[in-house]
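Asks: Please find one structure pasted underneath; my questions will follow.
Protein chains: 2
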Amino acid sequence: MLALISRGAAGTRADLARLTGMARSTVAQRVEALIEHGLVEETGAGASTGGRPPRLLRLDTARNCVLGVDLGATHCRVALMDIGGTILAASEDPVQIGQGPLSVLEHVDTRMHELLAEAGRPLETLKAVGIGVPGPVEFATGRPVAPPIMPGWHEYPVPEFFTGRYPVEVLVDNDVNVLALGERRFAYPDSAHLLFVKIGTGIGCGVVVDGHLHRGAQGGAGDIGHIRVPDAADALCRCGNTGCLEAVAGGAALAARLTAAGVPAATGRDVVALVNQGDGTALRLVREGGRIIGDVLAGLVNFFNPEVIVVGGVMARVHEPLLAGMREVIYQRSLPLATHRLTVVPSRSGEEGGVLGAGRLAIDHVLAPDHVNRALSPPTGAT
Amino acid sequence: MLALISRGAAGTRADLARLTGMARSTVAQRVEALIEHGLVEETGAGASTGGRPPRLLRLDTARNCVLGVDLGATHCRVALMDIGGTILAASEDPVQIGQGPLSVLEHVDTRMHELLAEAGRPLETLKAVGIGVPGPVEFATGRPVAPPIMPGWHEYPVPEFFTGRYPVEVLVDNDVNVLALGERRFAYPDSAHLLFVKIGTGIGCGVVVDGHLHRGAQGGAGDIGHIRVPDAADALCRCGNTGCLEAVAGGAALAARLTAAGVPAATGRDVVALVNQGDGTALRLVREGGRIIGDVLAGLVNFFNPEVIVVGGVMARVHEPLLAGMREVIYQRSLPLATHRLTVVPSRSGEEGGVLGAGRLAIDHVLAPDHVNRALSPPTGAT
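Line order of the protein sequences matches chains A and B. Taking this note's numbering, the leading residue of the first sequence gets 50, the next gets one more, and so forth. Taking this note's numbering, the leading residue of the second sequence gets 50, the next gets one more, and so forth.
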């Protein structure tokens, strides 16, 4: 019901009864509970169909907000959003993730308090916090697991840092999952199955199934950077295997190949700059990288049959040659049934994608049926 | 709630309140509606914890049954099951699917009536029918789509054949999806994410996410037989591309390679027979086929992070060399996080897998929240 109200699909109790198929009496009872609990409010009157005009329902955005935090290798963005997804206040600072969790999270904590004060929202209206970090995370506990570019963060219990400081749940996930969630919610709300492919130094993928993140059995889903690609047996990967996708087509790999071809480039950003300067070798290599990534995605399209593949990360700044290479192979190698409505597009959420997605992670948690049921029910021992 | 009762996880109203987090009053109301509607019944008394002994709840299996139908290239199995999943009566006949829909479905219809009569179940206790067919199906309409081994079935509206004959919904899906559903329910009820890989003449995959079939945007998910494999550019596939997995490692491809190696074999079944007779070349080719399939699955393990990969189909009858080859590559190529609890196992549901899965498709439909909500609610205009 909350999802329907939140999407604007249902504005009245009658809408809810029609769309959920539940009895009007059940709907009325549930709506009362949601209003009492402060998640939903009534506003004015809707269009009458003959009798008394129905009262309109909407999320109570004044009394419910969340914080989204996007931690990158060298930046920290924080945004305060109401549960409708509107940004109320936001900050952005250069922060080195390598300074370790205590220093970085103290900074986040300060910004969180500042944003609540700036927007005039009391602490009790804060309902959850979502955090995206640039490394693998065990989602159930919020602990980063052996994150390569986050020294000092291995198994650090991020949510516990905030316990006592904020009386709400803190959800932590890796940046690609958070980007997938944000992009899906803001740019493709009607797409059930979406892949977000982030091409930076490495390559990762956020997997959305039926509108929800698919994290897999151990939270390892979407790790496509280490899928083996053909004809690359000599490419050594940081994971210890050879022939991995990111060892051939990631930003760092492209920079190394460009250097070997006589055009010095240290990082993916350098490759992007060279393409933008019109360097032909860089352009050729990026398109070739797109083809190699496309070969892996073609297999995933057959397996997963998504509606949309969104491409983000630093390398997506040169999305024309990159996506041209990807599309070339996907449309050649995937089955017609799976490609005739497939779109392969650059990310639209841009620099803000991470913080919007982190906020979305928190909102989805607040509006999830299990969470709402627990909040609405008295303890079961009490009757 | 029904799922909890069905799994045996909740036997009393108090269990339901505890497990769902809903208020006792809400639970009591919903349970009454389920009993009135005949889906749930009360039986005897449970263990008392001091006060009045709680009444036990269970699915009303006497008043609710479904039919599962498994159509293969040359067989037709039909089973009548109660909604607890117990088989009440079953039949098996040789039927050529190539005789076309009318002839085959008339046969199915006859068997369905016979089984209901044999088990003494009146037609009004039948709640749904599930059918698995050996080809692609548009699930929403139940129409096969260009099925290669089902001449005459293209776009035939299977559910409409039964309209008027049975007052219930008829669900049609491809055999691999149905096998995945059956295997998951009967052998791995606690696994959320499972892949069922069928290796017969071709190669296909059923994808279970969070306990539900993932069909993808156009119903094309799981079509892994046409993923490109390395070093196979000269293998022409029936899909028109070259280098597809099934053109190299499917039963028909293995038979052709065996013939080329001087050991005549016409089909995958012949290869299986040769392995069982101890033919060394056949054994070597099956293990090599397992490695090639394992290379594709290694990528899917990184992407999807399943708990279990189940291998079925004709070629799984020689699962020792086949799975040895698959495991060899999966454990070498997939990431440790995704493999440390992964199991790769032969199918346990055997010949009955198809019909059990088809019945499960029907049961899941009957117990699905949307379906139950609609059944329990009066028309929303009435109130």
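The beta-carbon is built from N, C-alpha and C at its ideal position, and this holds for glycine as well.
Does the contact criterion of 3 or more C-beta pairs under 8 angstroms hold for the region 358-366 of chain B versus the region 295-307 of chain A?
Replies: Cβ pair count under 8 angstroms is below three, so no.
Asks: So VAL393 (chain A) packs on LEU372 (chain A), CB below 8 angstroms; how close in whole Å?
Replies: Position 344 of the first sequence, counted from the first residue, corresponds to residue 393 (chain A). Position 323 of the first sequence, counted from the first residue, corresponds to residue 372 (chain A). Right, the Cβ-Cβ distance comes to about 6 angstroms (below 8 angstroms), so this counts as a contact.
Asks: Give the secondary structure of LEU220 (chain A) by DSSP, where H, G and I count as helix, E and B as strand, and everything else as coil.
Replies: Here residue 220 (chain A) corresponds to residue number 171 of the first sequence, with the count starting at 1. It is a strand residue.
Asks: Take GLU337 (chain B) and list the residues in its own chain whose beta-carbon comes closer than 7 angstroms to its own, dropping the five residues that flank it on each side.
Replies: In the second sequence, the residue the question calls residue 337 (chain B) occupies position 288. Correct list, in chain order: GLY374.
Asks: To be precise: take each residue of the region 326-356 of chain A, compare its Cβ to all Cβ atoms of chain B, and keep it if any distance is under 8 angstroms. Which residues remain?
Replies: Under the 8 angstroms Cβ criterion, the region 326-356 of chain A contributes ASP344, VAL345, ALA347, GLY348, LEU349, ASN351, PHE352, PHE353, ASN354, PRO355, GLU356.
Asks: Kindly indicate which three-state DSSP category MET130 (chain A) falls into: helix, strand or coil?
Replies: For the purposes of this step, residue 130 (chain A) is taken as the residue at position 81 of the first sequence. Residue state, collapsed to three classes: strand.
Asks: Quick one: Cα of HIS275 (chain B) to Cα of LEU285 (chain B), how far?
Replies: Start at 1 with the first residue of the second sequence, and residue 275 (chain B) comes out as number 226. Start at 1 with the first residue of the second sequence, and residue 285 (chain B) comes out as number 236. Taking the straight line joining both Cα atoms gives about 11 angstroms.
Asks: Using a beta-carbon distance below 8 angstroms, is GLN267 (chain B) in contact with chain A?
Replies: Position 218 of the second sequence holds residue 267 (chain B). Cβ-Cβ to chain A under 8 angstroms: yes for GLN267 (chain B).
Asks: Can you list, in chain order, the residues of its chain with a C-beta nearer than 7 angstroms to that of LEU420 (chain B)? Leave out the 5 residues immediately preceding and following it.
Replies: Against the second sequence, residue 420 (chain B) aligns to sequence position 371. According to the sequence as given, residue 420 (chain B) is His; it is not Leu. Closer than 7 angstroms at the Cβ level, and outside the excluded window around HIS420 (chain B), lie HIS414.
Asks: Based on DSSP bridge pairs, tell me the residues matched to ILE180 (chain A).
Replies: As a position in the first sequence, residue 180 (chain A) is number 131, starting the count at 1. Answer by DSSP bridge pairing, in chain order: A:VAL118, A:VAL221.
Asks: Consider the Cβ of ARG366 (chain B): report whether some Cβ of chain A lies at a distance smaller than 8 angstroms.
Replies: In the second sequence, the residue the question calls residue 366 (chain B) occupies position 317. Chain A contact via Cβ: absent.
Asks: Starting from PRO143 (chain B), follow its DSSP beta bridges and name the residues at the other end.
Replies: Position 94 of the second sequence, counted from the first residue, corresponds to residue 143 (chain B). In DSSP, PRO143 (chain B) forms a bridge with B:HIS124.
Asks: Rounded to whole angstroms, what is the Cα-Cα separation between MET50 (chain A) and PRO238 (chain A)?
Replies: Reading the first sequence from its first residue, position 1 is the one you call residue 50 (chain A). Reading the first sequence from its first residue, position 189 is the one you call residue 238 (chain A). In a straight line, the C-alpha of MET50 (chain A) is about 17 angstroms away from that of PRO238 (chain A).
Asks: Measure from the alpha carbon of VAL335 (chain B) to the alpha carbon of each residue in B:ASN351, B:LEU307, B:PHE352, then state which is nearest.
Replies: By 1-based counting over the second sequence, the position of residue 335 (chain B) is 286. When each option's Cα is compared against that of VAL335 (chain B), the closest is B:LEU307.
Asks: Within the chosen definition, does the region 132-147 of chain A reach the region 158-173 of chain A through at least 3 CB pairs nearer than 8 angstroms?
Replies: Contact holds: three or more Cβ-Cβ distances are below 8 angstroms.
Asks: Out of A:ALA322, A:ARG56, A:ALA310, A:ARG277, which one is the CA nearest neighbour of THR330 (chain A)?
Replies: Position 281 of the first sequence holds residue 330 (chain A). THR330 (chain A) has its Cα closest to that of A:ALA310, out of A:ALA322, A:ARG56, A:ALA310, A:ARG277.
Asks: In whole angstroms, what separates the C-alpha of GLN326 (chain A) from that of PRO355 (chain B)?
Replies: For this step, residue 326 (chain A) is matched to residue 277 along the first sequence. For this step, residue 355 (chain B) is matched to residue 306 along the second sequence. Their Cα atoms are separated by approximately 44 angstroms.
Asks: Below 8 angstroms between beta carbons: does that hold for PRO143 (chain A) and THR123 (chain A)?
Replies: On the first sequence, position 94 is the one that residue 143 (chain A) refers to. On the first sequence, position 74 is the one that residue 123 (chain A) refers to. Yes, these two residues count as a Cβ contact at 8 angstroms.
Asks: Specify the secondary structure class of GLY268 (chain B) as computed by DSSP and reduced to three states.
Replies: Here residue 268 (chain B) refers to the residue found at position 219 of the second sequence. Looking at GLY268 (chain B) - three-state DSSP - the assignment turns out to be coil, as it is neither helix nor strand.
Asks: Check each residue of the region 106-131 of chain B: if its Cβ is closer than 7 angstroms to any Cβ of chain A, include it; give the result in chain order.
Replies: Within the region 106-131 of chain B, no residue qualifies.
Asks: Count the other CB atoms, across all protein chains shown, that sit within 10 Å of the CB of ALA431 (chain A); report buried if there are 16 or more and exposed otherwise.
Replies: One-based indexing of the first sequence puts residue 431 (chain A) at position 382. The predicted position of ALA431 (chain A) is uncertain, since its pLDDT is 39 and thus under 50; no value can be drawn from it.
Asks: Does any residue of chain B have a CB that is nearer than 8 angstroms to the CB of HIS162 (chain A)?
Replies: Here residue 162 (chain A) refers to the residue found at position 113 when the first sequence is read from its first residue. By this cut-off, HIS162 (chain A) is not an interface position.
Asks: To the nearest angstrom, report how far apart ARG73 (chain B) and ALA59 (chain B) are at their CA atoms.
Replies: On the second sequence, position 24 is the one that residue 73 (chain B) refers to. On the second sequence, position 10 is the one that residue 59 (chain B) refers to. Taking the straight line joining both Cα atoms gives about 14 angstroms.
Asks: In the DSSP assignment, find the alpha helix (DSSP H) that holds LEU164 (chain B) and state where it starts and stops.
Replies: Residue numbering aside, residue 164 (chain B) sits at position 115 when the second sequence is read from its first letter. Start and end: 150-168.
Asks: Should ASP283 (chain A) be labelled buried (16 or more other beta-carbon atoms within 10 Å of its own) or exposed?
Replies: Reading the first sequence from its first residue, position 234 is the one you call residue 283 (chain A). Exposed, by the Cβ-count rule.
Asks: According to DSSP, is LEU88 (chain A) part of a helix, a strand, or is it coil?
Replies: Counting from 1 along the first sequence, the entry for residue 88 (chain A) is found at position 39. Coil.
Asks: When the cut-off is 8 angstroms and only beta carbons count, does ASN290 (chain A) lie next to chain B?
Replies: Counting from 1 along the first sequence, the entry for residue 290 (chain A) is found at position 241. Yes, because at least one Cβ of chain B sits closer than 8 angstroms to the Cβ of ASN290 (chain A).
Asks: Of all Cβ atoms in chain A, is any one closer than 8 angstroms to the Cβ of PRO183 (chain B)?
Replies: Locating residue 183 (chain B) in the second sequence gives position 134, where the first residue counts as 1. No, PRO183 (chain B) does not count as interfacial toward chain A.
Asks: Mapping the DSSP letters down to three states, classify THR69 (chain B) as helix, strand or coil.
Replies: One-based indexing of the second sequence puts residue 69 (chain B) at position 20. Correct three-state label for THR69 (chain B): helix.
Asks: By Cβ distance, which residues of its chain are closer than 6 angstroms to LEU68 (chain B), with the 5 residues on each side in sequence left out?
Replies: To locate residue 68 (chain B), count along the second sequence from 1; it is residue 19. The residues are LEU53, ALA59.
Asks: Is the CB-CB distance between GLY361 (chain A) and PHE245 (chain A) below 8 angstroms?
Replies: The count along the first sequence starts at 1 and reaches residue 361 (chain A) at position 312. The count along the first sequence starts at 1 and reaches residue 245 (chain A) at position 196. Yes, the Cβ-Cβ distance between GLY361 (chain A) and PHE245 (chain A) is below 8 angstroms.
Asks: Going by beta carbon distance, what residues of the same chain come within less than 6 angstroms of GLY134 (chain A), once the five residues before and after it are set aside?
Replies: The sequence position of residue 134 (chain A) within the first sequence is 85, counting from 1. If we look at GLY134 (chain A) and ignore the five residues flanking it on each side, it has no Cβ neighbours.
Asks: Taking the alpha carbon of HIS203 (chain B) as the point to measure from, which residue in B:GLU187, B:GLU81, B:TYR215, B:PRO395 has its own alpha carbon closest?
Replies: Along the second sequence, one-based indexing puts residue 203 (chain B) at 154. It is B:GLU187.
Asks: Taking any Cβ of chain B, which residues in the region 168-202 of chain A have a Cβ under 8 angstroms from it, in chain order?
Replies: Under the 8 angstroms Cβ criterion, the region 168-202 of chain A contributes PRO185, VAL194.
Asks: Mapping the DSSP letters down to three states, classify HIS414 (chain A) as helix, strand or coil.
Replies: As a working note, residue 414 (chain A) is residue 365 in the first sequence. If DSSP states are grouped into helix, strand and coil, HIS414 (chain A) belongs with the helices.
Asks: Using 8 angstroms as the limit for Cβ to Cβ distance, is CYS254 (chain A) near chain B?
Replies: Here residue 254 (chain A) is taken as the residue at index 205 of the first sequence, counted from 1. Chain B contact via Cβ: present.
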